[in-house]
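Novice: Here the sequence shown is numbered in full-length UniProt numbering, starting from 1 and rising by one per residue. For every residue, glycine included, the Cβ atom is placed at its ideal position computed from N, Cα and C. Since the model is a prediction, treat every value here as computed from it, not as a measurement.
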Amino acid sequence: MSRSVRTRSTRLLSRTSPYHRSVSLIEATALDGANNDTPTARSTADLEDIAVPGKSTIVENRKLRAPRKQKSIPTALEKPHPTPERWREAYDTIKVMRSRVVAPVDTMGCDQAQFKETDPKNSRFATLVSLMLSSQTKDEVTDAAVSNLREALGGSLSVSAMIEANEAAISSAISKVGFWRRKTGYLKQTALRLREEFDSDVPKTVDELCSLPGVGPKMAFLALQVAWNLNVGIGVDVHVHRITNRLGWHKPPTKTPEETRLNLQSWLPVDLHPEINHLLVGFGQTVCLPVRPRCDSCLLSDNGLCPSAKVKAKSTPLRGKAPGTAQVQLVLEDDNR
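1) Assuming G228 and W87 are in contact, meaning their beta carbons sit under 8 angstroms apart, how far apart are those beta carbons, in whole angstroms?
2) Would V96 be called buried (16 or more neighbouring beta carbons within 10 Å of its own) or exposed?
3) Excluding sequence positions up to five away, which residues of its chain have a Cβ less than 6 angstroms from the Cβ of V129?
4) Reducing DSSP to helix, strand and coil, say where V96 ends up.
5) Counting pairs of Cβ atoms below 8 angstroms between the stretch 67-85 and the stretch 108-120, do you hit three or more?
6) Which residues mark the beginning and the end of the alpha helix (DSSP H) in which L300 is found?
7) By how many angstroms is the C-alpha of K255 removed from the C-alpha of D335?
8) Please report how far the alpha carbon of D207 lies from the alpha carbon of D296, in whole angstroms.
9) With a CB to CB cut of under 6 angstroms and the five nearest residues on each side skipped, what residues in its chain are close to L264?
10) Once you ignore the five residues that flank D106 on each side, which residues in its own chain have a CB closer than 7 angstroms to its CB?
11) How would you call L224, buried or exposed, if buried means at least 16 neighbouring beta carbons within 10 angstroms?
12) Can you name the start and end residues of the alpha helix (DSSP H) that D139 belongs to?
13) Tell me which residues share the same chain as R98 and place their Cβ nearer than 7 angstroms to its Cβ, disregarding the 5 neighbours each side in the sequence.
14) Exposed or buried, what is R182 when buried is set at 16 or more other beta-carbons lying within 10 Å of its beta-carbon?
15) Hey, which unbroken runs of the alpha helix (DSSP H) at 4 residues or more fall wholly within the UniProt domain "HhH-GPD" (133-286)?
16) Take E167 as the anchor and find which of D139, Q189, K176, G178 has the nearest alpha-carbon.
17) Comparing C-alpha positions only, which one of A191, G185, L289 sits nearest to T244?
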C-alpha cells in the first residue's frame with residue numbers, strides 16, 4: 001500500500017545580514033493558509049544556496065542564534081593590588097641573570113617573525129601569526145612552523161596569501177605546533193576577517209584583536225606592543241603567571257593569567273609593561289623552570305627575594321664557593337600549594 005506524504009508550502013525570503021551588508025541571508029517562511037501540521041520529507045535546514053546577483057549568499061537556519069557580542073577586555077582593578085615589598089630588587093636581579101644567558105625567546109620569540117618581511121602590513125601579520133601558533137607550543141617549534149608557513153605561502157606571510165592557500169598546505173606547514181588542526185582554521189578565518197573588516201591589517205585595539213578566532217588577551221597585548229609599538233597592557237603567559245606567584249607578588253595567589261595581568265598592571269610602573277613578558281619568559285625558560293627549577297643557579301635566594309625557596313644544609317660545596325664554607329641547597333616548595 002502506497003503512502004502519500006504531505007508537504008508544507010513555503011517561500012524563500014531574502015534579507016540583508018546584520019553582520020555584513022554585502023551578505024544576503026535566505027530563510028524559508030510558510031505560506032499563509034498552508035498545511036503545516038505534517039513535517040516535510042526534508043528539513044528546511046537543508047535548503048540549497050540560492051544566488052542573489054551582486055551579493056554573497058548564505059542559507060541561514062532560523063534556529064541558529066546570532067553569536068554573542070564580544071565582551072570588552074578589562075583593563076584595571078577597581079582597587080589596586082598592594083605593591084609587593086622588594087619587588088624592584090627582585091626584578092633587577094632577574095635582569096642581571098637574564099643578561100648572562102640567551103633564552104629561546106630572545107632569538108625565536110614573536111618579535112622575530114616580523115624581521116623577515118619587507119611590507120609593514122606583512123610584518124604585523126607575521127607577528128600575529130607567530131602569536132597564534134605559539135599557544136601550547138615551544139618557541140623552537142613555533143619559529144620553525146612560521147618559517148615553514150612563510151615558504152608554503154610563497155615566501156611572505158600576507159593576508160591575501162593565507163586566504164588563497166590550500167588548507168592542507170597550511171596544516172602541513174604547522175603540523176608540529178599544538179592544536180595545529182584547530183589553528184589551521186583560525187588562520188584562515190582570521191585572514192578573511194582582516195581583509196573584510198581591517199583593510200588586510202592587524203587591528204589596533206585589544207577588543208578587536210580578541211574578537212579574532214584563536215586570539216586571547218595575552219596575544220592581543222603582545223601583538224599591539226610588537227606590531228604597533230602600543231603599550232596598553234601586559235602580556236601574561238604561563239611563565240609570567242608562574243614566576244610572579246613564586247615570588248609572592250600576588251596576595252592571595254592568582255589562579256589565572258588574567259588575574260595576574262590585572263594585579264601587575266595595578267602597581268608595576270607602566271614603562272616596564274612592555275618588557276616584563278620577555279624578561280620573565282626567558283627567565284622561566286632557563287632558570288625558573290616549571291618542573292625542577294634551577295634554584296642552584298638563581299640569585300634571588302641570596303637576599304631572601306624568593307619566598308618559594310627553602311634552605312637546607314648541603315654536603316658538597318657549591319660551584320664558585322671556597323671549600324670549608326657553609327653550603328646550602330635550595331628546595332622549591334610544591335607549586336600546588
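Specialist: Reading it off the structure:
1) At residue 228 the sequence reads Trp, which differs from the Gly that was named. Between W87 and W228 the Cβ distance is about 28 angstroms, and since that is not below 8 angstroms, they are no contact.
2) exposed
3) L157
4) helix
5) no
6) No alpha helix (DSSP H) holds L300; DSSP gives it neither H nor E.
7) Here D335 scores only 37 on pLDDT, less than 50, and its place in the model is too uncertain to base an answer on.
8) 42 angstroms
9) I234
10) G282
11) buried
12) 139-152
13) L279, G282, F283
14) exposed
15) 139-152, 159-164, 167-173, 180-197, 206-210, 217-228, 238-246, 257-267, 273-286
16) Q189
17) L289
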